Amino acid sequence: MGKGKRFSFGLALIIILLVLGALAWFLVVIFEGEKPLAILEPSPYYISGPKEFHVKVADKKSGLKSLSIRVVQEGRKVIVLDRKFPYKGLLNKEGEHEFEKSFVLDPSVFDLGQGGIELILEARDYSRRNGGDGNLSVIQRKMVVDTIPPSIRPVSRMNYITVGGAGLIVYEASSDTVQSGVYVDDMFFPGFQAGEGYPATAHVCYFSVPYYVKKRPQLYLWGKDKAGNESKAGFYYRIRRRNFRRQTINITDRFLRKVLPYFSFYQFPPNLSDVEKFLIINRKLRKENAQAFYELRKKTSSEQLWEGPWLRLKNSATMARFGDHRTYYYKGKKIDEQTHLGVDLASLAHSKVQAANSGKVIFADRIGIYGLTIVLDHGQGLTSIYSHLSQILVNDGQTVSKGQVIGVTGQTGLAGGDHLHFGVMVNGVFVNPVEWWDGHWIRDNVVRKLKMLRSASTGAG
Ligand SMILES: [Zn+2]
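For the sequence shown, the positions run 6 to 466 when my numbering is used.
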């Protein structure tokens, strides 16, 4: 009997320990301290219109109890999303453990004003912690509602542009504008703040109707603010058509023998004839060089570095014009067509080359068909190019003044004789240099407009 008593006592003890263990486990489970996982994406700083967000909440242990998302602006609360999840099954095993949803925050739907807002997300689980409220996850995001586009207003009344040439538009853009300029169809020309002596709202933009544009292009001003709001504004312009010359160039064996040794650096495929090598130079290398020149637009200064008419090579004759459409023949057969994108000027061999205007050297090196070349930046997207030089007398990064001798003419690259190939670019697009040598053109198209901008500026928007 004593034996039996001891046995039942031991059993009772085991049962008590098991019950206590189960109770401890139960308490640990129902009072678990793991917060729900909460993800809210994306996290923009500016809200410029209806914006879609995606929310994901999860709670492995007790399961989700509630999710609420609200917007607070100057003390006013707006509920964006409010969900309660029911308790289901033993220890909420059948309850909601994961929840995902997309929602749109539309400032006009929620009647939000311009300015700061706070987006607050709260997710709770079914843990008995915190007096039964559960574990809480909070996400707080500060944002700014800005749905008002920048204001852009042209100042120059009439703008004349010749195909292949340049134009300047002066305009005012409100102070919230971070980027603005002119679109010529889908080609963008960036504008710049006019600089010292002008209000901060005064802007200038040099642009071009490129020589290859065939149809009537659409031109308009465009601007964007920090929040991404965009504005467009039309302006008056007249585009003058222009006929470019046609030129025939006969490629002789003598010319090829003279020019090809210069291109010995080039990795030609094996077993090519001289004329085949010439065609690779005239097409592929020319294209690569054009791309390298286009990249230089990124180095431009935001300030105007030049003043007055640009200088033309002294005592020189024009050998080829801008936009000449060249057809190349070899032994009477047409082999290629290209457009000449500068002006060829010939003087005495080894003539001194002056900087056409004040600026900064942004390129001074050998470049493919152009040979030894200098590119000067004149600011706000304007550059001048000097090619086929025999000597470069300046260094990359150097500041130069108008008339300063920067190099010596020669026949490096794809040149049949000593001459200067002079080019002008507007934001990487080659334009007719003739306009920049013309004091009347500068006065009518640049100086007059800048004067208008100085007096018209009262501060837009
Ligand atoms: Zn040329």
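Ideal placement from N, C-alpha and C gives every residue a C-beta, glycine not left out.
Since the model is a prediction, treat every value here as computed from it, not as a measurement.
Asked, Found
"DSSP bridge partner residues for R158 (one or two, in chain order)", "E177"
"Spatial distance of G202 from R459 (CA atoms)", "8 Å"
"Spatial neighbours of G444 in its chain, beta-carbon cut-off 8 Å, leaving aside the 5 residues before and after", "G313, P314"
"Lining residues of ligand 1 - beta-carbon closer than 6 Å to any non-hydrogen atom, in sequence order", "A325, H345, G347, D349, H426"
"Complete beta strand (DSSP E) runs within the stretch 273-355 (minimum length 3 residues, chain order)", "322-325, 330-335, 338-344, 348-351"
"Given G415 as reference, the closest of S236, L350, N437, L141 once Cα atoms are compared", "L350"
"Cut-off 7 Å between Cβ atoms - residues of its own chain near D87, not counting five sequence neighbours on either side", "S73"
"Given 8 Å, three or more beta-carbon pairs between the stretch 333-342 and the stretch 252-267", "yes"
"Assigned secondary structure, G466 (DSSP; H/G/I helix, E/B strand, else coil)", "For G466, the predicted structure reports a pLDDT of 39, less than 50, and the residue's modelled location is therefore unreliable. A value from the coordinates is still provided. The answer is coil: DSSP assigns G466 none of H, G, I, E or B."
"Bridge partners - H59, DSSP secondary structure assignment", "E46, S107"
"Of the listed residues Y391, I372, G373, nearest to I379 (C-alpha basis)", "Y391"
"Three-state class that DSSP yields for F12 in the structure shown", "helix"
"Close-in-space but distant-in-sequence residues of the same chain around K82 (CB under 7 Å, 5 per side omitted)", "R75"
"Exposure label - E440; buried when at least 16 CB within 10 Å", "buried"
"Cut-off 7 Å between Cβ atoms - residues of its own chain near K61, not counting five sequence neighbours on either side", "I44, E105"
"Spatial distance of K220 from I166 (CA atoms)", "14 Å"
"E123 - partner residues in DSSP beta bridges", "V77, K147"
"Proximity below 9 Å, CB of E468 to CB of K147", "Given that the chain is displayed from residue 6 to residue 466, the structure contains no residue 468 and the question cannot be resolved."
"Sufficient close CB pairs (3 or more, under 8 Å) joining the stretch 106-123 to the stretch 13-33", "no"
"Three-state secondary structure assigned by DSSP to A461", "helix"
"6 Å Cβ shell around S473 - same chain, five flanking residues per side excluded", "A question about residue 473 goes unanswered here, because the residues of the chain that appear run from 6 up to 466."
"Burial state of R498 (16 or more Cβ within 10 Å)", "Outside the shown range of the chain (6 to 466) lies residue 498, about which nothing can therefore be said."
"Member of H424, G100, Y217, V183 whose CA lies at the smallest distance from the CA of M324", "H424"
"Residues that DSSP places opposite M430 in a beta bridge", "T388, F435"
"Proximity of I153 and L226 at Cβ, strictly below 9 Å", "no"
"Same chain, Cβ closer than 6 Å to G328, five either side skipped, listed in chain order", "G169, Y216, F249"
"Own chain partners of V434 with C-beta closer than 6 Å, once the 5 adjacent residues on each side are dropped", "S213, P215"
"Inter-stretch contact (C-beta, 8 Å, three-pair minimum) for the stretch 265-281 and the stretch 351-362", "no"
"Residue closest to Q272, alpha-carbon to alpha-carbon, out of K289, F14, H102, L261", "K289"
"Inter-stretch contact at 8 Å, needing at least 3 Cβ pairs: the stretch 174-185 / the stretch 203-212", "yes"
"Expected contact under 8 Å - CB spacing of L394 and V358 to nearest Å", "7 Å"
"Within 9 Å, strictly: CB atoms of A1 and V399", "The requested residue 1 is not part of the displayed model; the chain covers only 6 to 466."
"Distance between I35 and G68 (C-alpha atoms, nearest Å)", "11 Å"
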